[in-house]
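One point on numbering: in my numbering, the residue at position 428 of the sequence shown is 454, and numbering is uninterrupted. We put the beta carbon where it would ideally sit given N, CA and C, even for glycine. Predicted model, so just to flag it, every value in this text is computed and none were measured.
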Amino acid sequence: MKFTPLLLACLVASPAAWAQNAAAPAPEPSLPFVVQKSDKLIRLSRDLLIRPTDWAEVARFNGMPDPNLIFPGQKLNIPLRLMKSKPAAARVVSAEGTVTLGGAPVAAGAALVEGARLETGPNSSAVIELGDGSRVKLLPRTLAEVLANRDYAMRDASASRSTNWFSGAMRLAQGALETVAARIANRAQPLEVKTPTSTIGVRGTEFRVAFDDPATRNARTEVIEGRVQADNSEQKSSADVPGGKGALVNPAEREIKVVPLLPAPDLSASPAEVLKPLGNWPLPVLAGAAAFRVQVASDDKFEKIVRDLKVATAGAVELGSLDIANWYARVRGIDADGIEGFDAVKPLAVKARLRVTDSSMQHRNGRTELRFTLDAAAAGPIQAVLSRERTMAQPVLQATLAETRWDLGALPQGTYYVQFRVGTPPVVTEAYELEITDSWGLTVFDSSFSLHLPR
């Protein structure tokens, strides 16, 4: 007899039914099939099970009166733990900053196996893709493990091919994950994120999970889209969390509090620039927010997060340690229970506050001396760089200056670029243009306002 897999009932269960069953113990994950006329018991057990002798356990699982008898149309469920399976492909999509796999540095493209442990350092992030196409983002200071990433094969109705059913799970030891679960029909069980005190299970949704409060051991989840089930592992309680809601899982309390997410803050009046070295960026006002989460990334999808900060609502966030570049800032409010709300995103340019306010050149004894004045932000030794390229990628001259004058030597005719850096981390000027004409040192020996920004 042949058999055909049935669509899992929980894939089409209504939200109301899910909510009603939220407090019930989760059934053991299994895949269903219907016995067909040509199916033979010996072949079923051989094709489906890791050990054919486990058919007796399948019979007990299904309450079969006679484990040696199957008949057409019979509906059975096979526990996943007994079924044959194979690892699915998983990989590192991106790794920004300090990201390690099993303690060793890892780069984008690296393959991942079950049991792989990834860790992100401060100002670092990573994105991984599981076998079903789900993407999991590890925020800074996060330790997570690929707990399951596996395909289970079931024959289709014609028995001419197999259909893969995917099972995936992540373990979050510390930090925070942002997950976009792929919307697939053949999911053997919900994609899960397990923390030491909770389990969050989903079927095609966008959500966050965090376990970043060692004192309370609280876990939290915020659902941007779709629906999740939050389980309190220690209290044996559950809650349905629909899109637009968040939940706090406290291992000391049975009730899982589900609350609406705060709306996205309004960043329309926030500056589009941050000036170094202080780099203060004012935060908006958001009703109900006890704090803000501020993230900065080099890409608009926030797959390369370089800053992840929790800041008070009053005042501003300090972003002066960022490099001079164009970034994206993402801000969300945090309520009194620590639940984080919807995101607002704004492009943000970080620029140097250190500027050249005056400059001049003198040609004496075949050598060129550059004199310059920096604004009040300059303090300490000055690192000076001279390059033929505006990108400053290939310096032709570098020096550490104790004062604001620089002996450039016998500088040939041409166009150069000059950049100054002060302090640690360095505050950097723009690349200023410097022109050495063919008359320099022949008929012209002095020049005012020698440095200017390129047009």
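- When secondary structure is reduced to three states using DSSP, residue 79 falls in the helix class.
- Within the same chain, and ignoring the five residues on either side of residue 421 in sequence, the residues whose Cβ sits closer than 8 Å to its Cβ are 411, 412 and 413.
- From the listed residues 242, 466 and 293, the smallest Cα separation to residue 393 is found for 466.
- Per the coordinates, the alpha-carbon of residue 268 lies some 16 Å from the alpha-carbon of residue 209.
- In this structure, the CA atom of residue 348 is about 40 Å from the CA atom of residue 471.
- Taken atom to atom, the span from the alpha-carbon of residue 282 to that of residue 220 is near 16 Å.
- Shown here, residue 165 sits in coil according to DSSP, grouped into three states, outside any helix or strand.
- Where residue 72 is concerned, the enclosing alpha helix (DSSP H) starts and stops at 67-74.
- Within its own chain, the residues whose Cβ lies closer than 8 Å to the Cβ of residue 75, once the five positions on either side in sequence are excluded, are 81, 84, 104, 108, 109 and 110, listed in chain order.
- In this structure, the alpha-carbon of residue 481 lies about 17 Å from that of residue 383.
- Its Cα nearest to that of residue 63, the residue 100 stands out among 86, 100 and 57.
- Taking a contact to require three or more Cβ pairs closer than 8 Å, the stretch 356-369 and the stretch 433-452 do not qualify as touching.
- The criterion of a C-beta distance shorter than 9 Å is not satisfied by residue 207 and residue 259.
- For residue 432, the uninterrupted beta strand (DSSP E) run begins and ends at 431-435, by DSSP.
- Contact between the stretch 193-208 and the stretch 153-168 is established, with three or more Cβ pairs separated by less than 8 Å.
- Between residue 237 and residue 201, the alpha-carbon positions lie close to 5 Å from each other.
- Taking one beta carbon from each stretch, the stretch 308-324 and the stretch 385-400 have fewer than 3 pairs nearer than 8 Å; the two do not touch.
- For residue 90, there is no enclosing beta strand (DSSP E), as DSSP marks it with neither H nor E.
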